[in-house]
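A.B. asks:
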Amino acid sequence: MLSNIYRHHTERVSSLKHKQEKKKKELLLSIDQLTRHILDRLNNDVSECYKNEKRIDQACKQLTVQSNLLSKQSQAWINLIGQFTAALKELGDVKNYSKIIERECVTITNTLATVHQDMIVQQQSQPTQTNDS
């Protein structure tokens, strides 16, 4: 009987060990699957973050290029406006200069006309003076 109990106990212990090993393997397999699932999920999230980072970097580079282009175009426009303003000032100076020349020409013309008339009057009065003498 004692041997039966011992055998029964040994079988039970062996059965429990076997069940425990089976549960341990199931637990390890389940932990492995959970770990793989979590890592896959994490890798997908990291991969998505990496893709987003690449897109953001590309957009930043493109924005930098466009900003530099806009800056150069703005500077070119500023230079053109400066040149246009200078040209307008020169035109204003030329217009003013031409008005001054026109006034001087009118003054010279009037002076020459007056001198011419005085000479004609003087010439007309000289022959009568020479005839009278």
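If you count by this note's numbering, then the sequence shown holds residues 29 to 161, one letter each, in order. Yeah, the Cβ is synthetic: ideal placement off N, Cα and C, and Gly gets one too.
Run through DSSP, which three-state label would Met147 get?
C.D. replies: In this structure, Met147 counts as helix in the three-state DSSP scheme.
A.B. asks: I need the straight-line Cα distance from Leu56 to Gln90, nearest angstrom please.
C.D. replies: Looking at the two C-alpha atoms, the distance is approximately 50 Å.
A.B. asks: Please report the straight-line C-alpha distance between Cys77 and Asn71, rounded to a whole angstrom.
C.D. replies: About 10 Å.
A.B. asks: Within the stretch 42-118, note down every full beta strand (DSSP E) run reaching 3 residues or more, in order along the chain.
C.D. replies: With a minimum length of 3 residues, no continuous beta strand (DSSP E) run stays inside the stretch 42-118.
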